[in-house]
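Line by line, the protein sequences give chains A and R. Per full-length UniProt numbering, the very first residue in the first sequence carries number 1; after that it's consecutive. Per full-length UniProt numbering, the very first residue in the second sequence carries number 1; after that it's consecutive.
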Amino acid sequence: MAKMKGAEILIECLKREGVKHIFGYPGGVILDIFDLLYDDPDIKLILTRHEQGATHAADGYARVSGKPGVVLVTSGPGATNTVTGIATAYMDSVPLVIFTGQVPTFLIGNDAFQEADIVGITRPCTKYNILVKDVKDLAKQIREAFYIATTGRPGPVLVDLPKDVTQGKAEFIWPETVHIRSYNPTYEGNIYMIKKAAQEIAKAKKPVIIAGGGCIISEAHEHLKELAEMTQIPVANTLMGLGSFPRTHELSLGMLGMHGTYYANMAVQNSDLIIAIGMRFDDRVTGKTDAFAPQAKIIHIDIDPTSIRKNVRVDIPIVGDVSRVLQVLNKILKEEIKPQWEEVRKAWLKQINQWKKEKPLTYEFDPEVIKPQYVIEKIYEITKGDAIITTEVGQNQMWAAQFYKFDKPRRFVTSGGLGTMGYGFPAAIGAQLAFPQMTVIDIAGDGSIQMNIQELATAVVYDLPVKVAILNNSYLGMVRQWQELFYNERYSHTYLSTAPDFVKVAEAYGAVGLRATKPSEVEPVIKEALSIRKPVFMDFVVDWKEKVYPMVPPGAPIDQMILEEKKKERKLKAVK
Amino acid sequence: MRHTISVLVENKFGVLARIAGLFSGRGYNIESLSVGETIDPQISIMTIVTTGDDRVIEQITKQLNRLVDVIKVVDLTEIDHVEREMVLIKIAPRKENRLEVLKTVEIFRGRVVDSGPTTYTIEVTGDEKKIQAFIELMKPFGIKEFVRTGKVAIPREISQRK
Ligand SMILES: Cc1ncc(C[n+]2csc(CCOP(=O)(O)OP(=O)(O)O)c2C)c(N)n1
């Protein structure tokens with residue numbers, strides 16, 4: 001068999017893995033690969049303007065499509081620039097394969113030009129990473145990288161490619177199957193535990209389901225719906241789980257946690273059984289852990305055993321793929337245990353509906369100034385809930401989670417675990433590439449958008465008509481909110497005194513910029529933006545004083561929420 | 001509580017760093033860690049001594065298991081096992097004490113592995129208590145330096161769950 005160059009082996013492997021798009025940025029040590037991509041008809045390289053942008057774009061692509069995102073960057077600074085994106089994907093279990101160039105093996109460890117120990121740097125934030133030392137192992141190691149990234153609990157895998165490996169030659173041997181002795185994720189849940197869970201579900205008077213991102217990753221939404229409807233159990237979602245259960249469903253409680261709905265938090269705290277599915281009890285969800293759902297038994301279903309009992313006590317642990325576990329659980333409930341669910345749940349659902357009625361999610365509309373929540377509501381109405389929404393981090397993210405009613409999975413793309421400002425815009429670009437026909441909107445803050453604003457060039461060049469709704473409050477709003485509530489209104493360094501003119505920025509890049517300063521302009525601006533097949537920045541100049549409610553103060557139990565603005569006239573010490 | 005955990009890993013570069021990083025990155029404590037190849041040169045075995053309450057130990061074993069290069073994790077504390085450690089200790093006793101030192105070495109079934117005009121280097125193996133006791137006994141004679149290997153442990157042949 002003829003020998004192939006390492007770079008050729010890499011490209012061949014990518015094709016066999018079904019890769020169509022790579023997000024990347026070139027540099028000296030990976031030129032051999034770029035050279036091959038120059039006239040490759042099957043794989044398209046999306047050149048971003050920053051490696052962080054490439055990584056987030058691949059991440060957005062992966063989250064909406066369910067396929068692994070692929071990144072290709074050079075060594076040293078190219079590699080280190082991906083770290084924030086890798087850590088973001090790691091925290092949210094997103095399958096990525098990141099290829100980094102590396103200096104030739106004989107220079108490794110010599111502080112060579114553009115050398116960085118990227119395998120060492122990314123060890124804590126990758127599911128797995130590897131330095132390929134011999135071109136003979138390349139195909140096998142790439143195959144394993146994709147396998148590890150996409151199976152079990154997915155995550156980023158980094159493959160470091162020294163220049164002499166991509167230039168060296170070897171026979172191409174494609175391993176048809178992958179077997180890694182030390183890596184065997186558990187997919188089937190323990191049947192004894194599942195049966196026990198079914199019994200608890202039948203016994204419970206006040207149960208709540210908490211559905212997390214794992215329900216989306218394992219495509220469990222149909223089974224989740226079946227479980228909830230059959231047993232008449234209300235469903236709260238974590239931030240990552242939004243869309244796994246229809247928000248418009250009468251059993252939906254929306255999001256729980258620090259900025260969760262009043263009724264989700266009340267339901268969880270007063271429940272006698274929690275069925276936690278594909279979620280990891282993040283501290284933003286539990287609040288004070290010792291005071292979390294004090295009377296509830298907890299059933300926890302997760303593919304990753306380390307998630308179980310990490311933060312809260314668990315009575316019935318079920319390790320397995322949530323989709324498979326739910327299928328078995330539903331079957332048992334359907335065939336073996338069939339109480340009159342409606343009857344059993346009547347009182348509990350009545351209580352929940354009362355909570356919903358008492359304190360729904362609201363804000364005060366103002367005819368003079370734009371309320372950020374109003375912008376989200378309008379985006380929801382106009383897109384009929386059928387857009388892919390990405391977000392940045394901060395108030396914009398929480399308002400999007402609260403006021404856009406996600407009914408379908410893979411429509412809400414946000415950095416949940418790491419909370420990465422600058423994530424949403426490149427992620428939107430990746431999502432748009434995966435689904436060119438869909439409406440993709442990044443809901444942004446004026447602070448966050450400036451963290452990867454350069455990617456506007458990428459959107460323009462590749463003709464990706466993403467929309468960015470900037471909720472422009474001239475502040476690092478979420479931090480300002482904390483300063484107002486917990487730091488005596490001392491707004492230390494949260495006022496963004498010199499924001500750029502976002503309309504002009506958009507125009508400078510060859511995109512379109514629109515602005516709304518009054519509530520009456522919001523709807524026309526959104527409609528116009530959606531009618532343009534180009535990237536658009538929508539600059540919504542919103543009420544800078546607005547805060548995200550409900551809010552559970554840090555360290556408090558989740559039913560102790562600040563629900564609304566104190567009525568006293570606030571003396572705001574604005575820096576303006 | 002103190003636990004002795006035995007971890008079977010792929011013998012690849014970077015694995016030790018990954019395991020040590022898991023402990024440091026999550027704020028777990030390593031009291032000792034020793035590594036060596038097994039009969040199969042592709043596999044190494046690590047003996048890790050760590051402390052923590054049940055919840056921490058459960059997390060440690062689960063987190064170790066989650067690492068892609070980890071083949072098997074056994075908490076030896078749960079089963080009957082043999083453990084040993086070795087110390088090399090260099091002392092400089094005064095002339096009149098030399099005999100007593102040598103006697104003590106004998107009692108501990110240790111060996112003098114090196115000696116100079118004024119020093120002995122002594123090797124002692126045993127469980128932790130024995131090593132500790134030996135060090136304590138040597139203190140009055142003037143310890144110049146010592147090194148310990150850290151613990152290695154293996155289940156007993158007819159082992160029973162405690
Ligand atoms: C990269 C990064 N740096 C800092 C933070 C801390 N942080 C969280 S929210 C926030 C403010 C975000 O401001 P903006 O993007 O304007 O959004 P807003 O809250 O006003 O909607 C900051 C600084 C972060 N999450 N990410």
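For every residue, glycine included, the Cβ atom is placed at its ideal position computed from N, Cα and C.
For Thr125 (chain R), the beta-bridge partners assigned by DSSP are R:Met86.
Under the criterion of beta carbons closer than 8 Å, Met421 (chain A) and Glu377 (chain A) do not qualify as touching, at roughly 24 Å.
Between the alpha carbons of Tyr487 (chain A) and His259 (chain A) lies a distance of about 19 Å.
The beta carbon of Asp69 (chain R) sits closer than 8 Å to some beta carbon of chain A. Taking one beta carbon from each stretch, the stretch 27-39 of chain A and the stretch 72-80 of chain A have 3 or more pairs nearer than 8 Å; the two touch. Listed in chain order, the non-local C-beta contacts of Pro367 (chain A) below 7 Å within the same chain comprise Pro519, local neighbours out to five positions each way being set aside. One thing to note: Ile86 (chain A) has its Cβ within 8 Å of the Cβ of Thr55 (chain A). Secondary-structure assignment with DSSP links Thr47 (chain R) through a beta bridge to R:Ser6, R:Ser34.
Spanning the alpha carbons of Lys297 (chain A) and Lys334 (chain A) requires a straight line of approximately 22 Å.
For Val119 (chain A), the C-beta contacts it makes with chain R under 8 Å involve Gly14, in order along the chain.
Counting along the chain, the unbroken beta strand (DSSP E) around Val73 (chain R) starts and ends at 70-75. In the structure shown, the three-state DSSP call for Gly24 (chain A) is strand.
Taking one beta carbon from each stretch, the stretch 118-133 of chain R and the stretch 537-549 of chain A have fewer than 3 pairs nearer than 8 Å; the two do not touch. Among the residues facing chain R, Lys310 (chain A) is included, as its CB has a counterpart in that chain under 8 Å away.
Here the alpha carbons of Lys136 (chain A) and Lys169 (chain A) stand approximately 8 Å from one another. Interface with chain R (8 Å Cβ-Cβ cutoff): Thr306 (chain A) is included.
Taking the Cα of Val460 (chain A) as reference, the smallest distance to any Cα among A:Lys3, A:Leu476, A:Met478, A:Leu433 is reached at A:Leu433. Residues of chain R whose Cβ lies closer than 9 Å to the Cβ of Ile275 (chain A) do not exist; the shortest such Cβ separation is about 21 Å. Listed along the chain, the chain A residues whose CB falls inside 7 Å of the CB of Gln132 (chain R) amount to none; the nearest CB is some 34 Å away. Here DSSP, grouped into helix, strand and coil, assigns Arg280 (chain A) to coil. Proximity of Ser182 (chain A) to chain R, defined by a Cβ-Cβ separation below 8 Å, is satisfied. Runs of the alpha helix (DSSP H) spanning 4 or more residues and lying entirely within the stretch 456-513 of chain A occur at 456-461, 477-486, 502-508, in chain order. The alpha-carbon separation between Met451 (chain A) and Val71 (chain A) amounts to approximately 19 Å.
For Asp539 (chain A), the enclosing beta strand (DSSP E) covers residues 536-541. Sequence-ordered contacts of the stretch 17-31 of chain R with chain A read Ala17, Arg18, Gly21, Gly25 [C-beta pairs closer than 7 Å]. The closest heavy atom of ligand 1 lies less than 7 Å from the beta carbon of Ser448 (chain A). Checking the 7 Å criterion, the Cβ of Asn81 (chain A) is out of range of every heavy atom belonging to ligand 1. Contact note: Glu10 (chain R) reaches chain A through Arg181, Ser182, using a C-beta cutoff of 8 Å and chain order. The C-beta of Tyr90 (chain A) comes no closer than 8 Å to any C-beta of chain R.
Those residues of the stretch 99-126 of chain A placed with their C-beta closer than 8 Å to a C-beta in chain R are Val119, Gly120, Arg123, Pro124, ordered along the chain. Around the beta-carbon of Arg533 (chain A), fewer than 16 other beta-carbon atoms lie within 10 Å, marking it exposed. Distances between the C-beta of Gly257 (chain A) and the heavy atoms of ligand 1 are all 7 Å or more. Under the 8 Å criterion on CB atoms, Ile299 (chain A) is classed as non-interfacial with respect to chain R. With a 10 Å radius around the Cβ and a threshold of 16 neighbouring Cβ atoms, Tyr192 (chain A) comes out exposed. Taking a C-beta distance under 8 Å as the contact criterion, Leu242 (chain A) and Phe435 (chain A) do not qualify as a contact pair. When Cβ pairs closer than 8 Å are counted between the two stretches, the stretch 140-159 of chain R is seen to touch the stretch 75-91 of chain R, the count reaching three or more.
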